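Here's the structure, in structure tokens; my notes come after.
In the working numbering, the protein residues as written are 166 to 274.
Right under this line is the structure:
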């Protein structure tokens, strides 16, 4: 007698998972979560930054709450770093929640 597919999908695993399987699952979930957070960041960024600036800016790494913002335009870099950085940071914090982006690091390149 064959078991139904529904029964097979709901049954418990036969035994404990190997350490390699558990570690692989954790890394996979973490990567998925990171990708989702990055998509949220990019969506928030597009709402916060003026469209004429957004096309001249690219987002870099985002680690421990520090977001790197890259541009090849030195004048724009100066404007962002000295005049608009705090405004953009606060807007991102409102969009993403507290602690997600704690600091913006502007880079030329």
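For glycine and all other residues, C-beta sits at the position ideal for the given N, C-alpha and C. Being a predicted model, the structure only gives us computed values, none of them experimental.
message: Can you tell me where the beta strand (DSSP E) holding residue 270 begins and where it ends?
response: One-based indexing of the chain shown puts residue 270 at position 105. That run of the beta strand (DSSP E) goes 268–273.
- prompt: Between which two residues does the beta strand (DSSP E) containing residue 233 stretch?
  reply: One-based indexing of the chain shown puts residue 233 at position 68. Counting along the chain, the beta strand (DSSP E) containing residue 233 begins and ends at 231–236.
field: Extent of the continuous beta strand (DSSP E) run through residue 223
entry: In the chain shown, the residue the question calls residue 223 occupies position 58. Residue 223 -> beta strand (DSSP E) spans 222–228.
message: Is it buried or exposed, residue 276, if we count other Cβ atoms within 10 angstroms and call 16 or more buried?
response: Outside the displayed range of the chain (166 to 274) lies residue 276, so it cannot be described from this structure.
field: Alpha-carbon spacing of residue 255 relative to residue 267, whole angstroms
entry: Taking the first residue of the chain shown as position 1, residue 255 is located at position 90. Taking the first residue of the chain shown as position 1, residue 267 is located at position 102. Near 9 Å, if we compare the C-alpha coordinates of residue 267 and residue 255.
- prompt: Since residue 252 contacts residue 224 with CB under 8 Å, what's their CB separation in whole angstroms?
  reply: Within the chain shown, numbered from 1, the residue matching residue 252 stands at position 87. Within the chain shown, numbered from 1, the residue matching residue 224 stands at position 59. Going by Cβ atoms, the distance from residue 252 to residue 224 rounds to 17 Å, so no, they are not a contact pair.
task: Could you tell me whether the Cβ atoms of residue 202 and residue 242 are closer together than 9 Å?
output: As a working note, residue 202 is residue 37 in the chain shown. As a working note, residue 242 is residue 77 in the chain shown. Against a cut-off of 9 Å, the Cβ pair of residue 242 and residue 202 comes out as no contact.
message: Using only the alpha-carbon positions, how far apart do residue 218 and residue 235 sit?
response: In the chain shown, residue 218 corresponds to position 53, counting from 1. In the chain shown, residue 235 corresponds to position 70, counting from 1. Cα to Cα, the separation comes out at about 11 Å.
query: What did DSSP end up calling residue 181 once you bin it into helix, strand or coil?
result: Your numbering for residue 181 matches position 16 in the chain shown. If DSSP states are grouped into helix, strand and coil, residue 181 belongs with coil.
message: Could you tell me the alpha carbon to alpha carbon distance between residue 269 and residue 226, rounded to whole angstroms?
response: Working through the chain shown from its first residue, we reach residue 269 at position 104. Working through the chain shown from its first residue, we reach residue 226 at position 61. In a straight line, the C-alpha of residue 269 is about 11 Å away from that of residue 226.
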